[in-house]
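Going by our numbering, the first residue of the sequence shown is number 4, and it counts up by one from there. Don't be surprised by glycine CBs; every beta carbon is placed ideally from N, CA and C. In what follows, a single structure is set out as structure tokens and then discussed.
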Amino acid sequence: KDVLLPERLQRTMARQAEAEREKRAKIIHAEGEKLAAEALSDAADRLAQSPNSLQLRYLQTLVEVSSEQNSTILAIPLDIINQTAQALRGNLNGGKQ
4 KDVLLPERLQ
14 RTMARQAEAE
24 REKRAKIIHA
34 EGEKLAAEAL
44 SDAADRLAQS
54 PNSLQLRYLQ
64 TLVEVSSEQN
74 STILAIPLDI
84 INQTAQALRG
94 NLNGGKQ
């Protein structure tokens with residue numbers, strides 16, 4: 004024997020099911036974001052330990068960007084970038100490094 008649910012109850016159940024699907028999707032998305040952040044943090048730590056690796060990554064990025072059409076590239080040596088970053092950190096810390 005078939006049981007017919009009232010239309011209002013059907014709509015309520017459908018909204019609840021949709022809310023559960025959205026909840027699961029948000030959790031999956033958040034877990035992906037967390038994994039990506041952890042991977043980026045790990046990569047940054049590794050690059051920070053090896054200046055040569057950082058230089059190679061910088062050059063690789065320049066190659067990738069230059070392969071795009073209509074690109075203008077202004078290559079700034081990493082030592083200048085590092086000196087500027089240190090100076091900015093010093094200014095932000097009240098001159099303390």
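Ile-30: member of the alpha helix (DSSP H) spanning 10–52, first to last residue. Note that the region 29–40 does not touch the region 58–72; fewer than 3 beta-carbon pairs, one per stretch, sit closer than 8 Å.
The shortest C-alpha to C-alpha distance from Thr-75 to any of Ile-83, Asp-82, Val-66 is the one to Val-66. Ser-44 places its beta carbon 8 Å or farther from that of Leu-50. Taking Leu-81 as reference, the option from Pro-54, Ala-22, Arg-92, Gln-72 with the minimal CA-CA separation is Pro-54. The DSSP-derived three-state label of Asp-5 is coil.
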